[in-house]
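Residue numbers (my numbering): 97 to 256.
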Amino acid sequence: MKKVIYPGTFDPPTFGHLDIAQRAASIFDSVVIAVGTNVVKKPSIFTVEERVALLKTITKKIPNIEVVSFSGLLVDFASSMKTHTVIRAIRTIMDFEYETMQAQMNKTLGNLETIYFVVGEKYRQVSSTLVREIARGGKRLTAFVPPEIEETVYQRLFSK
Ligand code: COA
């Protein structure tokens, strides 16, 4: 059984994340979406539990996806899930450079293989940071965030 991990901060999840998750689920037997922490980023707006709940809501119709959280190193989490394959999404050449550094380190640390998915053209300009800014500015997120969670995400950010 081919299991893959799709890790990220997902603060909040977007259509771009959902697209990658759906594509991964059509290739692998099992996809584990893993909500983690990037220590370089500012504290997240949504708690880990909230992000897990948002991701569960938008992926509930895809039977071979599960959503969990993790702390510590990705290589250790992957080993605990008995897989050595992760997916990362590439939007731009900048993503490629950053991801390649991480991928090489994860390979060295724990023999973790990273598979790149190229983000679909219509999602290439989307990022969680931009989504947060757009909502804070009072614009709805209909084009960027799945409808089941749009209201929750908008209300949280707009009131901040
Ligand atoms: N469509 C649109 N945007 C996408 C996307 C897609 N398909 N996939 C990712 N993005 C965006 C995200 O929204 C995010 O935007 P933001 O920076 O504005 O928040 C950005 O691309 C990349 O973020 P994300 O995918 O969440 O990854 P990350 O670089 O924050 O890494 C972890 C998060 C948890 C995977 C990483 O920090 C990690 O592995 N942490 C554990 C500790 C560890 O092992 N570190 C590595 C040691 S080598």
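Where is the CB? At the ideal position from N, CA and C, for every residue including glycine.
The model shown is predicted, which means the values in this text are computed figures rather than measured ones.
> Between which two residues does the alpha helix (DSSP H) harbouring A149 extend?
Replying inline: 144 to 155
> What are the boundary residues of the alpha helix (DSSP H) that I183 is part of?
Replying inline: Counting along the chain, I183 falls outside any alpha helix (DSSP H), though it belongs to the beta strand (DSSP E) covering 181 to 186.
> Just reading off the beta strand (DSSP E) that T105 is part of, what are its end residues?
Replying inline: Element bounds for T105: n/a, residue is neither H nor E.
> Heavy atom of the ligand COA less than 8 angstroms from the Cβ of A231, yes or no?
Replying inline: no
> Under the three-state reduction of DSSP, which class applies to F75: helix, strand or coil?
Replying inline: Past the edges of the chain, shown from 97 to 256, lies residue 75, and the structure says nothing about it.
> In whole angstroms, what separates the C-alpha of I245 from that of T153?
Replying inline: 7 angstroms
>> For the alpha helix (DSSP H) containing E195, name the first residue and the last one.
In response: 189 to 206
> Just how far apart, CA to CA, sit L208 and F166?
Replying inline: 16 angstroms
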